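Structure first, then comments.
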Amino acid sequence: MIGKAVFLLGALAGGAGLSQFPEFSQQYLQRLAGQVDALTVVVRDFDASAQKNGLTREEALAEMRGTAFLDDRQQDLRRTFLRHARLSDNLVALREVTPLARILMPQRLGDAETLAATWGDFRPAVPVTMEGLAAAGIGFLGGGMALSGLLSLLLWPFRRRARG
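Residue numbers (the working numbering): -13 to 150.
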């Protein structure tokens, strides 16, 4: 009896929690697109300046040395270019799949800055979409099984041994 109640409690918690994922991932995607747009402006401006001076991006970056400030700025821009490439790849991958399929792509929602900003503004909603209901079902079963498994593991040492 207690096992069923624990399963139900875990299932409800898992379903309620995971039902929010499709909307959260959609909001993350919107913020990610904004990040990519902002970084694209920086990348294009730098590349245009380099081209105007007959330089490739790497050649222009190589010329940014000689003082502590220029060395630091070069490293800042290298990080910006890498971040732009990584976030752009994630954006393309996330746009190609449904909100429900994003459950299988947590690594694509891994930008700490974007994740923190999305989480800070996110407000849970009722799962009224098919994706939300499907995620709720997956979370319901997953939460129930996880909590039941944990309870079984905790109670295992106290079980009576079968008499042979």
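The beta-carbon is built from N, C-alpha and C at its ideal position, and this holds for glycine as well.
Every value quoted in this text rests on a predicted model; they were computed, and no experiment measured them.
Cutoff 6 Å; reference residue i; Cβ partners in own chain excluding five residues on either side
i	result
A79	R94
G1	A122, G125 and F126
L25	H70
A(-1)	G129
V22	L73, S74 and L77
DSSP-derived helix/strand/coil call for residue i
i	result
A71	helix
Q6	coil
G1	helix
T26	helix
E49	coil
A131	Reading off the sequence shown, one finds Met at residue 131, where the question assumed Ala. Correct three-state label for M131: helix.
M(-13)	coil
L(-6)	helix
L41	coil
R59	helix
R17	helix
Cut-off 8 Å between Cβ atoms - residues of its own chain near residue i, not counting five sequence neighbours on either side
i	result
N39	A46
G3	G125 and G129
Pairwise C-alpha distance: residue j and residue i
i	j	result
R64	L140	50 Å
F55	A34	22 Å
L73	D62	16 Å
A111	A(-9)	25 Å
R135	A(-3)	The amino acid at residue 135 is misidentified as Arg; the sequence shows Gly. G135 and A(-3): Cα-Cα distance of roughly 12 Å.
Q16	V28	19 Å
E142	H70	The question names Glu, but residue 142 in the sequence shown is Trp. Roughly 50 Å between the two C-alpha positions.
G96	W105	12 Å
G52	D58	10 Å
G178	S11	Residue 178 is absent from the structure shown; the chain starts at -13 and stops at 150.
P92	L41	38 Å
L86	M(-13)	33 Å
L133	N76	32 Å
A48	T100	30 Å
Y14	A102	10 Å
A98	V83	21 Å
E44	D107	38 Å
R146	A19	57 Å
S5	R109	12 Å
Neighbourhood of residue i by C-beta distance below 7 Å, restricted to the same chain and skipping five residues each side
i	result
F67	V29
P8	P85, L86, T115, E117, G118 and A121
L137	G(-11) and V(-8)
Inset, instruction - Report the residue ranges of all beta strand (DSSP E) runs contained in full by the region 63 to 111; include only those spanning at least 3 residues, in chain order. - result: Runs of the beta strand (DSSP E) inside the region 63 to 111: none found.
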